[in-house]
Every structure is written in structure tokens, then in C-alpha cells.
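**Student:**
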Amino acid sequence: MNLAKHATVRDLRDATARVIAGATDEAARDKRIHNSRFLKSWRDPDGAFIIKGRMTVANGALVMAALKPIQDEIFKAARKSGAHERPEAYAADALMAICEKATTNQSSESGGKASRSNAVINIRVDIDALKRGHTENGEVCEIAGVGPIPVATATEYLGEAFLKLLVLDGVDIRTVAHMGRAIPAPLRTALEERDRVCQVPTCDMSIGLEIDHIKPFAEGGAASLENLVRLCKRHHLQKTHDGYRLKRIAAETAESEGAREARWDWRAPPDLRNTG
Ligand SMILES: [Zn+2]
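Residues in the sequence shown are numbered consecutively from 14, following my numbering.
1) Could you check which residue in Asn240, Arg247, Ile262 and Thr253 has the C-alpha nearest to that of Ala102?
2) Enumerate, from N- to C-terminal direction, the unbroken alpha helix (DSSP H) stretches of 4 or more residues contained entirely within the stretch 65 to 113.
3) How would you label Thr168, buried or exposed, when you count the other beta carbons within 10 angstroms and need 16 or more for buried?
4) In angstroms, rounded to a whole number, what distance separates the CA positions of Pro283 and Thr215?
5) Short check: CB of Met218 to CB of Ala90, under 8 Å?
6) What is the DSSP secondary structure of Val153, reduced to helix, strand or coil?
7) For Ile220, which residues in the same chain have their Cβ closer than 7 Å to its Cβ, ignoring the five residues on either side in sequence?
8) For a quick check, are the C-beta atoms of Val138 and Cys154 less than 8 Å apart?
9) Assuming Arg201 and Glu223 are in contact, meaning their beta carbons sit under 8 Å apart, how far apart are those beta carbons, in whole angstroms?
10) If you draw a straight line from the C-alpha of Ile227 to the C-alpha of Leu259, how long is it?
11) Contact check, Ile262 vs Arg276 under 8 Å by CB: the rounded distance?
12) Using the C-alpha atoms, what's the distance from Ser54 back to His191?
13) Which class does Asp278 belong to by DSSP, given the choice of helix, strand or coil?
14) Please determine, among Pro58, Cys211 and Arg67, the residue with the shortest C-alpha to C-alpha distance to Arg45.
15) Tell me whether Cys112, by its Cβ, gets closer than 7 Å to a heavy atom of ligand 1.
16) Report all residues from its chain with a CB closer than 8 Å to the CB of Gly60; omit the five preceding and five following residues, and keep chain order.
17) Quick one: what does DSSP say Leu250 is sitting in, helix, strand or coil?
Take a look at the structure:
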């Protein structure tokens, strides 16, 4: 505007050309960035799964906008239950929550069996390792194509849907067991109705809840309403890997509890009891 008032037509034309060139540069740069977009994953030497991505700022903003509200909710629930972890840890949890929703809730949300998730995780595990609870001398327990996982994680997956369990004998696949939908849809729905938040007392997490076998599947624990409970990711990990346990509270004791009817007592493993 100011320019137009005092500038010659030639000046104006030059300036307009610069603006157009600038915009063209921006568009071209954005296109270059978009063309070089990627989402890669690999495993670190310590076994961790790493993902790295590159995309335009606009697409990145979309990713962050999807993660942020979930991250905030996880953060709030964590603070409430006394957990203090880094914001980026909760961002990772938010990503997991989105992925879990995308892979496990499709059928219940659309109300039809036709939209059953096609997410399949192939776990290869030596039957001896599965029975023992950990791998020994060269035994395999891995998500095929991704990497090794603890046997405890494999047994947890056994309770989840859409699993093909490939039992290995050495390097030869001996049995291909299609575990299918180990938790039938009506049971899953009943669980979602009953356990609307993580069932660890004082934990109100309602996002990304996972179904836990109170008595592990590998020890004969059934996929029944009595033996299943929904836990948040953090408490599920603690129960699966850190020796935490849920102990059923007798009905009459539960009556006298406060606002929420607590059904479970959350027990730290003996060696953690004194350090909190
Ligand atoms: Zn929890």
C-alpha cells in the first residue's frame, strides 16, 4: 500500500514479481519437503524401537494436534496418581493410545463384525520359553519382522485379539496356532462397560486401557469376565513386568470404601513395598 503511493509502475511491478517469486519459492520448498517425507523405524542396540519422521509443518501440526489433548489427559491422570514422567513420555503414550484405538476399537465402534481390525501381530516364540516365562540359550521370542520381546509381553498378547502364535522348534516352524479373537466381542464389550477407567484404585485413566489377564493366560487363566480387568498402560506394564499384583477385595470391605467401589487392592512386589 505504502509502496503504491510513492513508487513508479516499474517499482511496483518489480515488487509484485518478488512477492510472487517468494510465494513460489515457499510452495516449491513445501513441495520438496513433502516429497522427502518419511516415517522410518529401526531398533537401537539396546533393543528399543525407534521411529523418526519428516513431513511438512502443516502435516506435523496435524500430528501434534491429534496427540496433544490425549497427552494432556494422560499427564493430568498421571499427576493425580502421583506419577511424574517427562512430557515426551506422555506424548509417546498418546501415540500408543491413538494406535490402539485404531487397531482394537474399530469393530465395537461401528457395531459390526465386518469391520474387524486387520491388524495382526505375528509372535514367534519357542514353546519351552513360553512355558518357562523367559528365553534361554538362543530361544526365540519376537514379533516377526520387528524384534525380540519379553516372554511376559508375548503371553499378554495371547490374551489380545488377532494373534497368530507361531511356535518355533529351533529354526523350523512346528506349529502355526491361530489364536484368533481370544476375547470374544461380547465379553470385550462387557469389560468396557464394567471397567470404564483403570481398575487400580485412585487411577482414573480412561484412555488406551488394556485388557489384563489377572491370572496369566500361560498359567491357565481364562478369558472370562472374572479373570479379566482393564488397566491403563502404565499399570498394565507394572503388573506384567514389575511384579505388581491385583488382589480382590472382599465384597463387604468394598462396601465401606469411598466414592468409587474399589474391587481391587494394588500390591507392590515385596521388594518395592518400603521404597514406595
Ligand atoms: Zn492405571
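Glycine is no exception: its CB is placed at the ideal position from the N, C-alpha and C atoms.
**Tutor:** Taking the structure as given:
1) In this structure, Arg247 is the residue among Asn240, Arg247, Ile262 and Thr253 with its C-alpha nearest to the C-alpha of Ala102.
2) 70 to 93
3) buried
4) Their Cα atoms are separated by approximately 21 Å.
5) yes
6) coil
7) Ile83, Glu86, Ile87 and Ala110
8) With contacts defined as CB atoms closer than 8 Å, Val138 and Cys154 qualify as a contacting pair.
9) No, Arg201 and Glu223 are not in contact; Cβ-Cβ is about 12 Å, not under 8 Å.
10) 7 Å
11) 6 Å
12) Note that His191 scores 36 on pLDDT, short of 50, meaning its location in the model is unreliable; the coordinates nonetheless yield the value given after this. Between the alpha carbons of His191 and Ser54 lies a gap of roughly 27 Å.
13) strand
14) Arg67
15) no
16) Gly160 and Pro161
17) helix
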